[in-house]
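See structure below.
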Amino acid sequence: MDKRTKLLIFAAAAHILLSMMAIIIQSRKRKRCARRQGVKYGPMDERDRMRFEYLDTKIWRNDTTCIDMLRLRKDSFFRFCKLFRDRGLLEDTIHMRVEEQVAMFLNTVGHNLRNRLVRTNFDRSGETVSRYFNKVLHAIGELRDELIRPPSLDTPNKIAGNPRWDPYFKDCIGAIDGTHIRASVRKNMESSFRGRKSHATQNVMAAVDFDLRFTYVLVGWEGTAHDAVVLRDALERENGLRIPQGKYYLVDAGYGAKQGFLPPFRAVRYHLNEWGNNPVQNEKELFNLRHSSLRITVERAFGSLKRRFKILDDATPFFPFPTQVDIVAACCIIHNWVINDGIDELFIGPNEIIEPNETSIGEANEHALMVQFRQALADQMWEDRQNHRGH
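Take the sequence shown: its position 330, counted from the start at 1, is 397 in our numbering, and no numbers get skipped.
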């Protein structure tokens, strides 16, 4: 065999070797890419079959069991899961569908369940429960800008045409209040979070429209923070609360009268349970009565939120504080989604508020223009009422 033939054989062998190496490298790249994208839903084994049977018969068998376990109606639950799947926020894996991922999350926040109980309910490991809880929490957070949006600037349907509120509150776009959600923080931080309550809380401020939707939510403030301080922070944030020109929110006396915020008169009967059978005596009482009957919307929203999600209802949290903050926001997002999908029996009606939210302690500065505006509204209400009764 001459030298030239040997060179050709070596060249051919080298070409074949390089081609095989390229094929192997490309195959490994494809495998790594597949792992990153997640393995799609695959064949069931016996354990998976038993899990699905449990879900079908014990979790979403009908509306009653679905509400009991997940705090959502059956149809609403499946539409909620479809939303995540369609947006690519969650995906099926080889042994867990999106529906089970969301069900574990809702079971946890709906009943304030510990990891060990959820893993027993769903026959999963503690690590799996924790991992998918965080995945679903993140996915819900991605819907925040879509589901928690500023209110419409039109006169709300609840006000328009109702002589109790129209035209006096025609430019009102909602109500604002704060609520305290129990918090769990490190010992050296507890004094900052223990305010009016005997335990640590986070002060959550929210704006609500008259359809009970949250239009702005600020979470994570310490329980000792005054509502007026929390409101100021909301207004100063880059993507914070914005009040359109000529519009305003109803607030309690702790926020004070200022541009865009209309509180009731101080030292005058206000909460609905203070009236009984005693009729109003003057323009300030009439204003406060109608203000209270309209602003109760925000208390209904908070009440419905805590009725649906027991993790917010005076229960000691067991997640790290940053996760506790995200959970409150996620619950508000789900609340809004349920309203968009259709009202259900977990929403609190106007006559179900027994105890009003506590009014903030302390005085807030009041702006002269809003004080004058409030007095003018009260005078007009009283005059119209007297004229109507006179006829």
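A virtual CB, placed ideally from N, CA and C, is assigned to each residue, including glycine.
Met-163 by DSSP, collapsed to three states: which one? On the sequence shown, position 96 is the one that residue 163 refers to. Correct three-state label for Met-163: coil.
Keeping to the same chain, check which residues put their C-beta closer than 7 Å to that of Tyr-235; ignore five residues upstream and five downstream. What you label residue 235 is simply residue 168 of the sequence shown in a count that begins at 1. The residues are Leu-444, Gln-447 and Met-448.
For Glu-95, is the classification buried or exposed, using 16 other Cβ atoms within 10 angstroms of its Cβ as the cut-off for buried? Here residue 95 refers to the residue found at position 28 of the sequence shown. First, the amino acid is wrong: residue 95 is Arg here, not Glu. Exposed is the label assigned to Arg-95, since fewer than 16 other Cβ atoms lie within 10 Å of its Cβ.
Please state whether the Cβ-Cβ distance between Val-176 and Gln-269 is less than 8 Å. Indexing the sequence shown from 1 puts residue 176 at position 109. Indexing the sequence shown from 1 puts residue 269 at position 202. The beta carbons of Val-176 and Gln-269 sit no closer together than 8 Å.
How would you label Asp-135, buried or exposed, when you count the other beta carbons within 10 angstroms and need 16 or more for buried? Translated into the one-based positions of the sequence shown, residue 135 becomes position 68. When all chains shown are included, Asp-135 counts as exposed.
Between Asn-188 and Leu-137, how many whole angstroms is the CB-CB distance? I'm expecting something under 8 Å. Translated into the one-based positions of the sequence shown, residue 188 becomes position 121. Translated into the one-based positions of the sequence shown, residue 137 becomes position 70. Asn-188 to Leu-137, Cβ: 11 Å. No contact.
Between which residues of its own chain and Thr-383 is the CB-CB distance below 7 Å, once the five residues before and five after are set aside? Working through the sequence shown from its first residue, we reach residue 383 at position 316. Correct list, in chain order: Arg-249 and Ser-251.
Using a Cβ distance threshold of 8 Å, determine whether the segment 395–410 contacts the segment 361–378, with at least three qualifying pairs required. Here the segment 395–410 lies against the segment 361–378, with 3 or more beta-carbon pairs under 8 Å apart.
According to DSSP, is Gln-269 helix, strand or coil? Reading the sequence shown from its first residue, position 202 is the one you call residue 269. Assigned with DSSP and collapsed to three states, Gln-269 falls in strand.
Can you list, in chain order, the stretches of the beta strand (DSSP E) that have 3 or more residues and sit fully within the segment 213–269? If we require 3 residues or more, the beta strand (DSSP E) runs fully inside the segment 213–269 come out as 239–249.
Just the Cα atoms here: how many angstroms apart are Leu-361 and Phe-376? As a first step, residue 361 must be located in the sequence shown, where it is residue number 294. As a first step, residue 376 must be located in the sequence shown, where it is residue number 309. Cα to Cα, Leu-361 sits roughly 25 Å from Phe-376.
Does the Cβ-Cβ distance between Gly-241 and Pro-218 come in under 8 Å? Indexing the sequence shown from 1 puts residue 241 at position 174. Indexing the sequence shown from 1 puts residue 218 at position 151. With contacts defined as CB atoms closer than 8 Å, Gly-241 and Pro-218 qualify as a contacting pair.
Kindly indicate the opening and closing residues of the beta strand (DSSP E) around Leu-285. Taking the first residue of the sequence shown as position 1, residue 285 is located at position 218. Leu-285 -> beta strand (DSSP E) spans 281–289.
Who are the near neighbours of Leu-210 in its chain, counting only those whose CB is closer than 6 Å to its CB and skipping five residues on each side? Counted from its first residue, the sequence shown places residue 210 at position 143. Taken in chain order, the residues that qualify are Ile-400.
C-beta atoms of Arg-140 and Asp-411 nearer than 8 Å: Mapped onto the sequence shown, residue 140 falls at position 73. Mapped onto the sequence shown, residue 411 falls at position 344. Against a cut-off of 8 Å, the Cβ pair of Asp-411 and Arg-140 comes out as a contact.
Going by the CB atoms, is the gap between Asp-115 and His-162 shorter than 8 Å? Translated into positions along the sequence shown, residue 162 becomes position 95. Translated into positions along the sequence shown, residue 115 becomes position 48. Less than 8 Å divides the Cβ of His-162 from the Cβ of Asp-115.
Based on the DSSP secondary-structure assignment, which residues constitute the bridge partners of Tyr-337? Position 270 of the sequence shown, counted from the first residue, corresponds to residue 337. Tyr-337 pairs with nothing; no bridge assigned.
CB-CB under 8 Å to Val-355, same chain, minus the five flanking residues each way: which ones, in chain order? As a working note, residue 355 is residue 288 in the sequence shown. It is Asn, not Val, that sits at residue 355 in the sequence shown. Listed in chain order, the non-local C-beta contacts of Asn-355 below 8 Å within the same chain comprise Pro-331, Phe-332, Val-335, Arg-336 and Tyr-337, local neighbours out to five positions each way being set aside.
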